[in-house]
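Okay, so the sequence shown: first residue is 6 according to our numbering, each after it adds one.
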Amino acid sequence: MLPVVGITYNEAFPVEDGVVRRALGSLAEVRMIEMPTGELTREEDDATAARMQDVVAVLFRPGSLSRRLLSSCPKLRFTAVHGAGFDKIDLQAAADLGITVTNAPGANAIGVAELTIAMAVNLVRQIVPVAAATKSGLWNEARRDGTELAGKTLGILGVGHVGRRVAQRALAFDMRVVAYDPAYTAEQFAERGIRWMPIDDVCSSADILTLHVPLDSTTVHLLNAERVRAMKPGSYLLNLARGPVIDESAVEEALRNGRLRGAALDVREDEPPGERDELRGLPNVIVTPHIGGSTGEALVRIAEICADEIRRFLQAEPPVNVVPLPAGSRA
Numbered sequence: 006m007l008p009v010v011g012i013t014y015n016e017a018f019p020v021e022d023g024v025v026r027r028a029l030g031s032l033a034e035v036r037m038i039e040m041p042t043g044e045l046t047r048e049e050d051d052a053t054a055a056r057m058q059d060v061v062a063v064l065f066r067p068g069s070l071s072r073r074l075l076s077s078c079p080k081l082r083f084t085a086v087h088g089a090g091f092d093k094i095d096l097q098a099a100a101d102l103g104i105t106v107t108n109a110p111g112a113n114a115i116g117v118a119e120l121t122i123a124m125a126v127n128l129v130r131q132i133v134p135v136a137a138a139t140k141s142g143l144w145n146e147a148r149r150d151g152t153e154l155a156g157k158t159l160g161i162l163g164v165g166h167v168g169r170r171v172a173q174r175a176l177a178f179d180m181r182v183v184a185y186d187p188a189y190t191a192e193q194f195a196e197r198g199i200r201w202m203p204i205d206d207v208c209s210s211a212d213i214l215t216l217h218v219p220l221d222s223t224t225v226h227l228l229n230a231e232r233v234r235a236m237k238p239g240s241y242l243l244n245l246a247r248g249p250v251i252d253e254s255a256v257e258e259a260l261r262n263g264r265l266r267g268a269a270l271d272v273r274e275d276e277p278p279g280e281r282d283e284l285r286g287l288p289n290v291i292v293t294p295h296i297g298g299s300t301g302e303a304l305v306r307i308a309e310i311c312a313d314e315i316r317r318f319l320q321a322e323p324p325v326n327v328v329p330l331p332a333g334s335r336a
């Protein structure tokens, strides 16, 4: 009997399904596993676990993998995360249960970087409100002066796969790029045309500030209320990383009092946001539903990486992109 490999979904994912089935061939039975999005309730954990009783490896996309769910899947030994972010998985629980977790770093970086620059252009040229007003029948009333990116300072927090590509594109727009990332030295930044700065200096000097950091215990509210208040008056904020890396209440206040001229948020602290979410109603805010890495090309790249990691597991080969335990966790 072939081992069972699952693909979690909350809607059809034909790209992933097709890529995984082609990659694994006769190595495994591939099965779609329904899983709700977001943090799962106790009942949803139990229902999902019931569908995964004979699954040995899973390509994980929506939802969350809690200790309760993981411990209720007796055969599960391998998880390939669909993308770079692994904040929806209890990594300590996975380690305790002998479940290897891998991800696909950089596979969606081009899409996220391109959307970041698109967001910046949209904000400084006010394309969304201008287009909406024009479509409503206005013409002269819709016209307004924008701002050029050239000569402005882009501040980047996190210069990994995405941040590096954002910097490259910003330099092509003749922007000055300053950045903070503890993993790199000032000399390494300089080689890419980027000026290294302490995090607080990046926040206070940027005309446009963009975040591209993973979500972990060190980055929750990395852009906190104090740093938001210290941002350059009239600046813009972009978040295409993870919602909790910014303090949304502080950002909302800064948008209302005029310190921030605008913001573009592809990710939110709660996804989807609750009914009382006021950020999305502000005229100087662009909100999109976490689509940064959702391009056809990225979906294929991610699926191929995940499928290859699962193939390696099934053939007892070492994985390539193992997600390490956070600092301070038990090995």
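Beta carbons: idealized from backbone N, C-alpha and C, even for Gly. Keep in mind that this is a model prediction, so the values were computed, not measured.
Inset, instruction - Can you grab the Cα-Cα spacing for the pair G248 / P278, in whole Å? - result: If you number the sequence shown from 1, residue 248 lands on position 243. If you number the sequence shown from 1, residue 278 lands on position 273. Distance between the alpha carbons of G248 and P278 is about 10 Å.
Inset, instruction - Spell out the partners DSSP gives F83 in its beta bridges. - result: By one-based count along the sequence shown, residue 83 stands at place 78. DSSP, once it has assigned bridges, lists A62 and T105 as partnering F83.
Inset, instruction - Rounded to whole angstroms, what's the CA-CA distance from K80 to A52? Just pull it up for me. - result: What you label residue 80 is simply residue 75 of the sequence shown in a count that begins at 1. What you label residue 52 is simply residue 47 of the sequence shown in a count that begins at 1. Those two C-alpha atoms are separated by around 16 Å.
Inset, instruction - Measure the C-alpha to C-alpha separation of L287 and E314 and round it to an integer number of angstroms. - result: Indexing the sequence shown from 1 puts residue 287 at position 282. Indexing the sequence shown from 1 puts residue 314 at position 309. C-alpha separation (whole angstroms): 43 Å.
Inset, instruction - Report all residues from its chain with a CB closer than 8 Å to the CB of D221; omit the five preceding and five following residues, and keep chain order. - result: For the purposes of this step, residue 221 is identified with residue 216 of the sequence shown, where counting begins at 1. Around D221: D92 and P331.
Legend entry - Proximity of A184 and V218 at Cβ, strictly below 8 Å: Within the sequence shown, numbered from 1, the residue matching residue 184 stands at position 179. Within the sequence shown, numbered from 1, the residue matching residue 218 stands at position 213. No. Outside cutoff.
Legend entry - Top-ranked residue by Cα proximity to N229, from G88, V305, N113 and D252: The residue you call residue 229 lines up with position 224 of the sequence shown. Of the candidates G88, V305, N113 and D252, the one whose C-alpha sits nearest the C-alpha of N229 is D252.
Legend entry - Own chain residues within Cβ distance below 8 Å of G103, not counting five before or after: Start at 1 with the first residue of the sequence shown, and residue 103 comes out as number 98. Around G103: R82.
Inset, instruction - Keeping to the same chain, check which residues put their C-beta closer than 6 Å to that of I310; ignore five residues upstream and five downstream. - result: Position 305 of the sequence shown, counting from 1, holds the residue named residue 310. Excluding sequence neighbours, I310 sits near A109 and A112.
Inset, instruction - Would you decide whether Q131 is buried or exposed? Buried here means 16 or more other CB atoms lie within 10 Å of its CB. - result: Counting from 1 along the sequence shown, the entry for residue 131 is found at position 126. With a 10 Å radius around the Cβ and a threshold of 16 neighbouring Cβ atoms, Q131 comes out buried.
Inset, instruction - Round the Cβ separation of V182 and G165 to the nearest angstrom and send it over; I've been treating them as touching at under 8 Å. - result: The residue you call residue 182 lines up with position 177 of the sequence shown. The residue you call residue 165 lines up with position 160 of the sequence shown. At roughly 15 Å, the Cβ-Cβ gap does not stay under 8 Å, so V182 and G165 are not in contact.
Legend entry - Any 3 or more C-beta pairs closer than 8 Å across the segment 62-79 and the segment 32-43: yes
Inset, instruction - Would you check if there are 3 or more beta carbon pairs closer than 8 Å linking the segment 115-127 to the segment 313-327? - result: no
Legend entry - Residue of A188, E48 and R174 minimising C-alpha distance to V126: Here residue 126 is taken as the residue at index 121 of the sequence shown, counted from 1. The candidate whose alpha carbon is nearest that of V126 is R174.
Inset, instruction - Go to G160, then tell me how far its beta strand (DSSP E) extends in each direction, as first and last residue. - result: Position 155 of the sequence shown, counted from the start, is the residue given in the question as residue 160. Looking at the DSSP string, the run of the beta strand (DSSP E) that includes G160 is T158 to L162.
Legend entry - Closest residue to A312 among V20, G156, G160 and R72 (Cα-Cα distance): Taking the first residue of the sequence shown as position 1, residue 312 is located at position 307. Out of V20, G156, G160 and R72, V20 has the C-alpha closest to the C-alpha of A312.
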